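Offset between the sequence shown (1-based) and our numbering: plus 24.
Even glycine gets a Cβ: it sits at the ideal position worked out from N, Cα and C.
For clarity, every value in this text was computed on a predicted model and none was experimentally measured.
Have a look at the structure below, then the notes.
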Amino acid sequence: MKTKKIPLRTCVITKEKLPKQELIRVVKNKENEVSVDITLKANGRGAYLKKDKDVIEKARKTKILNKILEIEIPDYIYDELNKII
Numbered sequence: 025m026k027t028k029k030i031p032l033r034t035c036v037i038t039k040e041k042l043p044k045q046e047l048i049r050v051v052k053n054k055e056n057e058v059s060v061d062i063t064l065k066a067n068g069r070g071a072y073l074k075k076d077k078d079v080i081e082k083a084r085k086t087k088i089l090n091k092i093l094e095i096e097i098p099d100y101i102y103d104e105l106n107k108i109i
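Here it is, written out as structure tokens:
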């Protein structure tokens, strides 16, 4: 049997390459709406964050998601990320 390749994605804060299941994806769609993508398959530009409270707080402080997604990220997105963890 051939082993299935596990897709790796990079966390925008830690720069670690991790399997998709260990990350959370934040997506900006064509209508410039930002949301948390639990399915990891939503259309739009996405950024991955490690499932760790420290990583999410660092993302909030440094505003890295604002730079990557080129849009202002509302605070409720960070609150939603913390609830998921």
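In this structure, how does DSSP classify residue i when only helix, strand and coil are distinguished?
i, result
"I48", "strand"
"L93", "helix"
"T34", "strand"
"A83", "helix"
"D103", "helix"
"K28", "coil"
Please confirm whether residue i and residue j have their CB atoms less than 8 Å apart.
i, j, result
"V79", "D61", "no"
"K44", "L93", "no"
"N56", "I88", "no"
Please determine, among the options, the residue with the shortest C-alpha to C-alpha distance to residue i.
i, options, result
"R69", "K77, K91, L105 and L42", "K91"
"Y102", "L42, K29 and S59", "S59"
"E46", "I30, E57 and N56", "I30"
Would you mind sorting residue i into buried or exposed? The rule is 16 or more other CB atoms within 10 Å of its CB.
i, result
"I109", "exposed"
"I97", "buried"
Quick test of the definition: if touching needs 3 or more C-beta pairs under 8 Å, does the segment 69 to 81 touch the segment 25 to 36?
Short answer: they touch.
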